[in-house]
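Below is one structure, written out as structure tokens; comments come after it.
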Amino acid sequence: MAEGAALTLRDLSKSYDGHAAIEGIDLDVAPRTTLALVGPSGSGKSTVLRLVAGLLRPDRGEVRIGSTAMGESSKRALRLRMGYVIQEGGLFPHLTAFENVALMGRELGWAWDRVRGRVGELAGLVGLPVEWLARYPAQLSGGQRQRVGLMRALLLDPEILLLDEPLGALDPLIRARLQEDLRDIVRRLRKTALLVTHDMAEAAYLGDEIALLRDGHVVQRGSARDLLERPADPFVTEFIRAQRVLEAGR
Amino acid sequence: MKWLLVLALLASPAFAEAPRVTVGSKAFPESWILGEAATTLARRAGATAEHRRNLGGTEIVYDALRSGSIDVYPEYTGTIAEVMLHSHGRPSLAEMRAALRSQGIEIGEPLGFNDSYGIAVAPGVAHRLGLRKVSDLAPHPELRLGLTHEFLGRADGWPGLARAYGIPPGHPLGIQHELAYQAIQAGKIDAMDVYTTDAWIERLGLVVLEDDRAFFPRYDAVFLYRSDLVTRAPQALAAIRRLEGKIDETRMIRANARVVLEKRDAALAADSLLIESLGTAESAPARASRTADLLRYLVQHLRLVAISLLAAIVLGVPIGIFSSRSPALARVLLSFSSVVQTIPSLALLAFLIPFLGIGAGPALVALFLYSLLPIVRNTYTGLTTIPAALLESADVLGLTATARLWRIELPMASPAILAGMQTSAVINVGTATLAALIGAGGLGEPILSGIQLRDTALILEGAIPAALLALAVQGAFDLLERAVVPRGLRLRGD
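Shown next, in the form of structure tokens:
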């Protein structure tokens with residue numbers, strides 16, 4: 000099964016100061032599907048994403064993008080095949096929205112027309128008026144910044160999208176709207192995606208599959224229905240119920 | 000036209016065959032006058048002579064002589080015994096000569112006047128208390144004394160004097176010499192230390208107390224010169240030594256009065272002194288106008304600031320970058336530059352003289368060192384306060400380390416880095432006024448002379464351009480910030 004996987008994690012382990020953040024994680028993500036990593040704070044879901052991005056080095060095990068293992072020598076080439084979106088978009092404040100999106104194109108020596116054409120295309124895709132691209136991040140709203148962040152991640156048409164709580168800092172209405180758009184875009188572009196979120200509903204909405212983490216281990220992996228109807232552990236039910244209470248309380 | 004004059008002054012003619020003689024003098028009028036006189040005599044004897052005025056203090060000027068930065072300067076026998084030989088007795092001139100000869104320094108014959116220390120009392124106070132001799136001070140511990148720092152510190156100064164006369168040492172006020180005259184005139188102090196040839200004594204009617212226990216040694220004025228001058232510039236040396244035995248107290252006091260009271264240039268006073276002492280007229284060299292002088296000081300000042308600041312930027316920014324990459328290196332480098340910052344500027348200048356001589360060299364090094372810290376620290380802070388999430392975003396985007404530094408880190412840190420440069424530049428403009436103390440010129444030159452002469456106008460001639468220069472530098476960096484700092488960083492978030 001790992002043969003055709005877009006992203007493979009094998010026996011992945013990482014500890015900080017002797018405390019294990021994740022321990023022996025095995026996961027794979029099939030091409031063109033979205034896997035949502037959910038779990039309480041400290042469950043290790045962000046550590047997994049950071050290992051995949053090459054921002055951390057595993058103590059044990061490996062990350063493979065397609066058939067290439069993540070390592071010091073392969074890191075940069077692999078990163079050009081990834082798009083990375085974080086909370087608030089992670090935009091550089093000294094560059095305009097356009098410059099943020101175009102940065103890697105210019106860095107890779109793209110012709111000006113190609114850069115402009117691609118940025119225009121992406122603006123249409125995420126639904127951002129082109130004239131707003133001249134603005135600086137400080138002049139954009141949180142939702143707009145997030146759309147620019149997504150454009151930047153998509154510039155090089157990467158195989159894999161890494162989404163780290165991408166909608167975490169937004170208010171509920173804008174968040175719901177962006178969730179719809181994000182699902183639409185990921186499906187339309189047929190991207191493989193790894194999404195980290197603490198929100199079960201978001202995971203169920205955006206993910207084809209969900210992996211629920213607790214204390215550095217995968218407790219259960221499956222569809223949202225699997226987790227709800229066939230919980231592998233009382234914790235799964237407990238976590239889902241806790242989230243529902245929260246949802247109902249809003 | 001004025002610029003041409005400045006250029007002509009800066010590029011003084013150098014005749015290959017003429018020996019070079021550099022005359023030094025300390026930072027007070029009598030020393031300037033004797034220095035000018037020696038310079039004129041050496042020049043008349045065919046040497047290419049230059050006068051480095053205002054070298055701050057005995058240690059600095061003596062170090063300059065030993066290191067060869069200057070060849071000759073006027074000194075006093077009492078000072079030689081105390082400061083250079085650390086002698087507690089009263090060595091004879093022959094003994095002093097023997098001691099200094101081993102260091103390659105010769106002492107000429109006395110010029111003819113004794114400029115000793117004395118204690119002078121305000122006329123009203125002296126009259127009221129009947130003070131005539133130093134021993135009369137003992138029963139009056141209530142008198143307010145204003146003494147120079149050098150006099151307070153020397154064994155043959157206040158500590159020794161108080162002991163010899165049984166005067167309670169008390170807590171005399173440490174005050175700059177020329178300011179003490181101002182203070183005693185205004186009635187702020189009752190007594191002060193004076194040099195017996197000071198022109199102000201007579202002008203203010205001060206009563207110089209008789210040294211009835213012969214505590215003060217003689218301070219016969221002599222020229223100190225490097226032994227190699229005998230072979231290198233024998234004619235110039237002989238010409239200078241013609242002054243020996245020719246200047247008595249009356250002549251010296253009169254020459255001092257020309258500068259201090261009549262506000263004449265020291266060169267003119269030196270010419271009058273030469274005429275009186277040697278009976279020869281000297282056509283005074285054409286003096287530049289005050290405006291040309293000021294321009295020259297300004298150019299010197301700008302050059303000091305520009306070169307030292309540029310060097311500090313060229314080195315400080317990379318040091319800041321390296322520090323931001325290694326916490327251990329950061330600790331070492333930042334502590335080092337903080338330590339440099341705590342060294343008083345005068346101490347740093349004095350420390351550098353044995354290695355670099357006097358003049359622009361040590362001044363540039365000192366200014367460079369002072370400029371370094373704000374630039375290193377601000378570069379370091381600017382780079383290390385960029386949010387980690389943004390740096391990670393840059394990495395995952397696929398930027399190389401070099402591209403990340405140039406495209407992301409330096410632009411984001413640019414406001415902090417520029418602010419550091421601005422701080423350095425403004426501090427540098429102010430500190431550079433002290434460069435005059437070691438013969439590097441600049442706007443400190445008129446300030447220093449103005450303090451010596453109690454000439455506020457002359458002080459302002461240096462202080463106002465220095466202040467304007469600081470403002471201009473500040474403004475220039477504000478403009479530079481507009482040009483360099485990306486617009487996005489000046490916007491406030493929603």
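Going down the list, the protein sequences come from chains Z and W. In terms of numbering that gives the first Met the number 0, the first sequence opens at residue 0 and continues consecutively. In terms of numbering that gives the first Met the number 0, the second sequence opens at residue 0 and continues consecutively. Even for Gly, the Cβ is constructed at its ideal location relative to N, Cα and C. These numbers come from a predicted model, not from an experiment.
Close Cβ partners of residue i (< 6 Å) along its chain, the five nearest in sequence each way excluded
i: G55/W; result: A26 and L436
i: L382/W; result: S323, E408 and A412
i: R131/W; result: none
Test item: CB-CB of residue i and residue j under 8 Å
i: V254/Z; j: L211/Z; result: What is shown of chain Z runs 0 to 249, which leaves residue 254/Z out entirely.
i: R36/Z; j: L193/Z; result: For the sequence presented, residue 36/Z should be read as Leu rather than Arg. Taking 8 Å as the Cβ cut-off, L36/Z and L193/Z qualify as a contacting pair.
i: S337/W; j: L372/W; result: yes
i: L110/W; j: G244/W; result: yes
i: A497/W; j: I306/W; result: With chain W running from 0 to 493 in the structure shown, residue 497/W is simply not present.
i: A121/W; j: L172/W; result: no
i: D185/Z; j: T33/Z; result: Sequence check: residue 185/Z is Val here, not Asp. For V185/Z and T33/Z, yes; Cβs fall inside 8 Å.
i: V28/Z; j: A52/Z; result: no
i: A119/W; j: V193/W; result: yes
i: L210/W; j: G145/W; result: A small fix is needed here, since residue 210/W is Asp in this sequence, not Leu. In this structure, G145/W does not lie closer than 8 Å to D210/W by Cβ.
i: L142/W; j: D189/W; result: yes
i: G360/W; j: A137/Z; result: no
i: T378/W; j: I320/W; result: yes
i: P90/W; j: V258/W; result: no
i: L529/W; j: T39/W; result: Here chain W covers residues 0 to 493 and nothing more, so residue 529/W does not appear.
Neighbour flag for residue i against chain Z, beta carbons, 8 Å
i: P326/W; result: no
i: A415/W; result: no
i: V483/W; result: no
i: G397/W; result: yes
i: A285/W; result: Note that A285/W scores a pLDDT of 49, beneath 50, so its modelled location is shaky and nothing firm can be said.
i: R403/W; result: no
i: G419/W; result: no
i: S323/W; result: no
i: G487/W; result: yes
i: A388/W; result: yes
i: E480/W; result: no
i: I320/W; result: no
Cutoff 8 Å: residue i Cβ touching any chain W Cβ
i: M103/Z; result: yes
i: H216/Z; result: no
i: L211/Z; result: no
i: A168/Z; result: no
i: Q242/Z; result: no
i: T95/Z; result: yes
i: A138/Z; result: Sequence inspection shows Gln at residue 138/Z; the Ala mentioned does not correspond to that position. For Q138/Z, the answer is yes, since a Cβ of chain W falls inside 8 Å of its Cβ.
i: I64/Z; result: no
Alpha carbon of residue i to alpha carbon of residue j, nearest angstrom
i: D292/W; j: G440/W; result: 11 Å
i: V483/W; j: V364/W; result: 28 Å
i: Q421/W; j: A346/W; result: 25 Å
i: S282/W; j: A48/W; result: Note on S282/W: pLDDT 47, under 50, position unreliable in the model; the coordinate value appears next. When rounded, the distance between both Cα atoms is 16 Å.
i: E94/W; j: E81/W; result: 13 Å
i: Q175/W; j: A238/W; result: 34 Å
i: D10/Z; j: Q219/Z; result: 16 Å
i: G45/W; j: E35/W; result: 16 Å
i: A285/W; j: A415/W; result: Legend: pLDDT at A285/W = 49, less than 50; position of this residue unreliable, value from coordinates given subsequently. In a straight line, the C-alpha of A285/W is about 49 Å away from that of A415/W.
i: D58/Z; j: V125/Z; result: 38 Å
i: R324/W; j: I318/W; result: 10 Å
i: A388/W; j: H197/Z; result: 19 Å
i: A161/W; j: R202/W; result: 27 Å
i: E74/W; j: G186/W; result: 32 Å
i: M191/W; j: A98/W; result: 33 Å
Contacts around residue i, its chain only, beta-carbon distance under 8 Å, and the 5 residues preceding and following it disregarded
i: G89/Z; result: Y83 and G148
i: T78/W; result: T57 and Y218
Residue of the options minimising C-alpha distance to residue i
i: A154/W; options: I118/W, F112/W, Q184/W and F214/W; result: F214/W
i: N53/W; options: T432/W, R43/W and R486/W; result: T432/W
i: P353/W; options: T290/W, S392/W, G107/W and Y61/W; result: Y61/W
i: F91/Z; options: I463/W, H170/W, V207/W and P410/W; result: P410/W
i: R134/Z; options: L50/Z, A101/Z, A96/Z and D16/Z; result: A96/Z
i: P140/W; options: P167/W, T147/W, G156/W and L228/W; result: P167/W
i: L301/W; options: Q184/W, L442/W and E460/W; result: L442/W
i: V71/W; options: L236/W, R330/W, P216/W and S101/W; result: L236/W
Own chain, CB closer than 7 Å to residue i, minus 5 neighbours either side, in chain order
i: L308/W; result: S370, S423, A424 and N427
i: I64/Z; result: L6, L77, R80 and I159
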